[in-house]
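Worksheet for the structure shown next.
2 protein chains.
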Amino acid sequence: MRGNCIVAQSGGPTAVINASACGVIQAAFESSKIVGVYGAHNGILGVVNERIFDLGREKPQTIEGLRHTPAAALGSCRYKVKTEEDFAAIVEVFKKYDIRYFFYIGGNDSMDTADKVNRLAESQGYEFCAMGVPKTVDNDLALTDHCPGYGSVTKYLATMTMEAGRDTEALYTTDTVNVIEAMGRNAGWIAAGASLAKRASEDAPHIILLPEVPFDETAFTRKVAEWVDNIGRCVVVVSEGTRYSDGSYVSEQKGDFATDAFGHVQLGGAASFIKNLVERDVKVKSRYAFPSTIQRCGAHFASETDCQEAYMVGRRAVELAMTGENGKMVTLVRTGDNPYQCTTGAESLSEVANGEKLFPAEWITEDGFGVTQEFVDYARPLIQGEVSVPMKDGLPDFMRFEKYFI
Amino acid sequence: MRGNCIVAQSGGPTAVINASACGVIQAAFESSKIVGVYGAHNGILGVVNERIFDLGREKPQTIEGLRHTPAAALGSCRYKVKTEEDFAAIVEVFKKYDIRYFFYIGGNDSMDTADKVNRLAESQGYEFCAMGVPKTVDNDLALTDHCPGYGSVTKYLATMTMEAGRDTEALYTTDTVNVIEAMGRNAGWIAAGASLAKRASEDAPHIILLPEVPFDETAFTRKVAEWVDNIGRCVVVVSEGTRYSDGSYVSEQKGDFATDAFGHVQLGGAASFIKNLVERDVKVKSRYAFPSTIQRCGAHFASETDCQEAYMVGRRAVELAMTGENGKMVTLVRTGDNPYQCTTGAESLSEVANGEKLFPAEWITEDGFGVTQEFVDYARPLIQGEVSVPMKDGLPDFMRFEKYFI
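Chains as they are written, first to last, in numbering that gives the first Met the number 0: chain A, 0 to 405; chain B, 0 to 405.
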């Protein structure tokens with residue numbers, strides 16, 4: 000099948016989602032079956048609105064620069080395609096521009112969108128191929144060992160925790176407790192990753208709060224007091240999704256912007272809540288940090304392993320499409336532990352779309368405030384190495400597309 | 000004068016305050032006049048409480064490791080020496096351990112403490128030398144061109160702003176405005192530093208809020224709306240010290256956002272306030288980040304220039320003491336702009352202690368929402384180069400003293 004291809008990015012950015020785009024684009028350029036290589040501006044929204052630009056006109060060094068540029072250079076979106084009309088309109092745009100290959104880099108929702116578009120095209124007898132490329136800092140996609148983006152957010156958050164831990168260690172006589180809020184609405188993968196910062200028992204983090212463990216204020220403040228008594232300080236990493244046993248989040252925002260486009264409750268403020276709780280009940284001064292989106296786009300300290308794997312899954316999506324695969328998401332398959340080895344697999348888009356990988360209960364310590372060595376062994380290989388970022392005038396030199404719209 | 004020396008660190012840590020300690024300690028080891036080289040645990044508190052440890056027993060590679068370890072390895076404090084009795088007790092401890100040289104690494108308060116201890120020792124006829132080593136991310140010390148610590152916080156915050164700016168650029172259709180809170184209670188130096196992230200007009204930050212400019216809600220929200228209209232997004236860097244014309248901090252959170260879940264007045268939430276203001280008045284969704292102490296201890300991406308200068312002022316304090324200088328703080332003196340050149344000077348502790356360097360009014364743009372090229376030219380040299388941090392298992396390898404208490 001010969002024709003044009005579209006690559007698009009969706010959902011919350013990561014430090015390495017552009018590395019996946021680079022893999023797709025470079026492999027697409029090399030394919031004799033792919034004629035034009037196009038980018039959709041802001042994910043599926045770019046298809047809906049026919050905001051499509053020609054990646055063939057971008058400089059090769061711009062494409063290569065994707066490997067060290069954070070966020071989504073093609074533009075991203077959180078637009079949920081809902082109606083039959085919307086899906087039909089998307090297929091019409093693909094037909095109009097003779098798009099035969101669609102590479103969608105994203106999470107569950109994106110895999111679902113790609114799958115539905117693909118089925119509709121097939122039902123209309125339009126020769127088409129949709130392939131998914133996994134991306135999410137949340138590490139919650141089903142059927143893949145881990146997700147590109149997770150290694151980098153983990154490396155960065157663990158480093159922040161290590162550094163903030165040293166800060167608290169220095170100034171514990173005044174600022175005794177420090178609380179750092181990690182992303183992760185439903186799964187505790189990111190917060191758990193902070194545990195890699197711990198080499199000695201006195202190292203931060205001392206307590207990790209996961210969404211998977213019902214929050215118990217009394218047990219928690221008792222644990223904080225225990226650390227303060229023992230070493231004079233305590234660093235807590237709290238997942239934004241931490242909730243009580245009744246399912247309510249420790250901090251839910253209210254008002255006009257309480258939910259996002261998907262109806263998800265917007266979180267934020269777990270750390271400030273925990274800080275206040277510590278000050279009220281443990282009666283020591285606490286600080287907190289809310290790194291928010293900063294943690295997911297830390298390209299200046301991204302994991303080289305993560306970046307290479309992100310590039311690999313992007314390339315592989317194109318290679319598989321060229322051999323006739325269709326309706327699949329490329330997965331990461333761990334084939335060795337010592338040394339760590341990883342290759343790619345492929346799973347059906349619909350199965351990935353309907354799954355969710357929660358943090359394994361058996362990787363949570365008995366008291367619920369930490370994670371086990373099994374988790375550390377799982378996560379440690381994913382943060383190895385540092386991406387070499389070109390610098391200019393003392394700061395990273397990121398690329399930006401010219402975006403030649405067609 | 001022969002005798003022992005004490006080195007101590009005080010106040011909020013930085014990414015390079017340990018590099019200054021390294022400079023002091025290594026130079027002290029080389030001096031034939033200095034017998035024992037001791038560390039005070041947690042600044043002047045360590046002297047008061049006689050928590051003093053022998054740095055001569057630490058491994059040389061531990062001392063060298065100070066150059067890339069964040070926070071204060073000797074321990075820090077915010078203890079303010081107030082009474083005559085306290086000062087007298089400190090001098091008694093110095094006499095007891097035959098301390099003849101006191102090197103205090105800190106900000107205004109520390110210089111004041113060192114000065115007063117020095118004068119008291121002199122009045123008692125105790126041969127003594129107190130030298131100050133500048134340190135503060137706030138960059139507000141008088142009589143020095145800039146302060147060690149400032150270059151690194153600026154490099155890191157500008158990088159965060161750049162990365163978060165790319166995140167907003169990718170996802171502006173959902174998260175249109177992003178607000179990042181910078182440290183700086185009284186002076187806008189740190190927030191201003193974020194401006195280095197801007198290379199093109201569309202780059203973040205789009206608006207900077209400084210404590211020096213009275214906050215005008217209407218003018219601000221109009222400016223945000225202007226950016227959103229023009230480029231679809233807006234990244235704001237707000238100084239924690241941003242205040243209204245009546246002097247009250249925006250972070251005191253009046254009105255709708257005044258209290259937290261416990262009914263406490265919210266402090267230190269300038270970014271969360273601005274986020275809420277934007278959502279209410281500009282009617283677009285906003286996110287915010289509060290990197291808090293994380294920004295000041297980012298050793299993994301510290302400025303090499305800053306680190307070298309921090310080391311240099313530490314060494315120089317000892318060298319000057321050996322030539323008979325006393326009661327001085329080492330300063331940084333800019334001797335060339337193109338190329339940037341910097342050497343050291345020395346100013347009296349009391350003059351430094353009583354001064355404060357505010358952000359120059361002439362470096363603020365006319366509309367009050369940005370800084371001028373003159374500021375950029377001043378700050379740019381301070382963020383050049385990256386400290387090479389040894390890595391272990393994918394994360395920085397920081398040192399920690401054994402602390403052999405005497």
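By construction, the Cβ of each residue, glycine as well, lies at the ideal position given by its N, Cα and C atoms.
Item: Closer than 8 Å to chain A by CB, Phe256 (chain B); Value: Confidence is the limiting factor: at Phe256 (chain B) the pLDDT is only 46, short of 50, which leaves the residue's position unreliable, though a coordinate-based value still follows. No, because no Cβ of chain A sits closer than 8 Å to the Cβ of Phe256 (chain B).
Item: Cβ pair Val23 (chain B), Val386 (chain B) closer than 8 Å; Value: no
Item: When B:Val236, B:Met321, B:Phe300 and B:Gly38 are compared against Lys32 (chain B), the one with the closest alpha-carbon; Value: B:Met321
Item: Contact list for Tyr37 (chain B) against chain A, beta-carbon separation under 8 Å; Value: Those do not exist, as Tyr37 (chain B) stays about 18 Å from chain A at its closest Cβ, beyond 8 Å.
Item: Same chain, Cβ closer than 6 Å to Thr143 (chain A), five either side skipped, listed in chain order; Value: Pro133, Thr330 and Leu331
Item: Distance between beta carbons of Ser285 (chain A) and Thr175 (chain A), contact taken as under 8 Å; Value: 7 Å
Item: Three-state class that DSSP yields for Asp336 (chain B) in the structure shown; Value: strand
Item: Contiguous alpha helix (DSSP H) assignments of at least 4 residues, all confined to the segment 294-337 of chain B; Value: 303-321
Item: Within-8 Å CB hit, Ser387 (chain B) to chain A; Value: no
Item: C-beta atoms of Gln8 (chain B) and Gly105 (chain B) nearer than 8 Å; Value: yes
Item: Proximity to Glu251 (chain A) [Cα-Cα], best of A:Gly268, A:Ser244, A:Ser238 and A:Val236; Value: A:Gly268
Item: CB-CB length for Ala309 (chain B) against Val15 (chain B), believed under 8 Å; Value: 4 Å
Item: Thr13 (chain B) vs Arg295 (chain B) beta-carbon contact at 8 Å; Value: yes
Item: Pick from A:Val47, A:Asn185 and A:Asp97 that is closest to Gln80 (chain A), judged by C-alpha positions; Value: Position check: residue 80 (chain A) holds Val in this sequence, whereas Gln was assumed. Measuring from the Cα of Val80 (chain A), the nearest candidate turns out to be A:Val47.
Item: CB of Ile405 (chain A) within 8 Å of CB of Phe52 (chain A), strictly; Value: yes
Item: Selected residue, minimal CA-CA separation from Tyr407 (chain A), among B:Leu209, B:Asn3 and B:Leu44; Value: Past the edges of chain A, shown from 0 to 405, lies residue 407 (chain A), and the structure says nothing about it.
Item: CA-to-CA distance, Ala203 (chain A) to Ser291 (chain B), given in whole angstroms; Value: 17 Å
Item: Test item: CB-CB of Phe101 (chain A) and Ala70 (chain A) under 8 Å; Value: no
Item: Identity of the residue in A:Ser302, A:Asp305, A:Val283 and A:Val237 nearest Ile273 (chain A) by Cα; Value: A:Val237
Item: Within chain B, the residues that Ser302 (chain A) reaches when beta carbons sit closer than 8 Å; Value: Gly393
Item: Spatial distance of Ala186 (chain B) from Arg242 (chain B) (CA atoms); Value: 11 Å
Item: Integer Cβ distance of Val227 (chain A) from Val281 (chain A), believed to fall under 8 Å; Value: 7 Å
Item: Cβ neighbours of Tyr155 (chain B) in the same chain (closer than 8 Å, five flanking residues each side left out); Value: Ala14, Gln294, Gly297, Phe300 and Ala301
Item: Proximity test, Cβ basis, 8 Å: Met321 (chain B) and chain A; Value: no
Item: Cutoff 7 Å; reference Asp396 (chain B); Cβ partners in own chain excluding five residues on either side; Value: Pro389 and Met390
Item: Cross-strand partners of Pro133 (chain B) (DSSP beta bridge); Value: B:Gly105
Item: Proximity winner among A:Leu54, A:Thr304 and A:Asp139, relative to Asp408 (chain A) (alpha-carbon distances); Value: Because chain A spans 0 through 405 in this model, residue 408 (chain A) falls outside it and cannot be assessed.
Item: Beta strand (DSSP E) segments (min. 3 residues) lying fully within the segment 17-92 of chain A; Value: 33-39 and 51-53
Item: Neighbour-count burial assignment, Gln123 (chain A), 16 or more Cβ in a 10 Å radius; Value: exposed
Item: Outcome for Met0 (chain B) when other beta-carbon atoms lying within 10 angstroms are tallied against a minimum of 16; Value: exposed
Item: Counted within 10 angstroms of its Cβ, other Cβ atoms place Lys197 (chain A) as buried (16 or more) or exposed; Value: buried
Item: Exposure label - Ala87 (chain B); buried when at least 16 CB within 10 Å; Value: exposed
Item: Interface flag, Asn107 (chain A) vs chain B, CB-CB below 8 Å; Value: no
Item: Cβ-based burial, Gln372 (chain A) [other Cβ within 10 Å; buried from 16]; Value: exposed
Item: Neighbouring residues, chain A, relative to Asn177 (chain B) (Cβ below 8 Å); Value: Thr292
Item: Beta carbon proximity, Leu65 (chain B) to chain A, threshold 8 Å; Value: no
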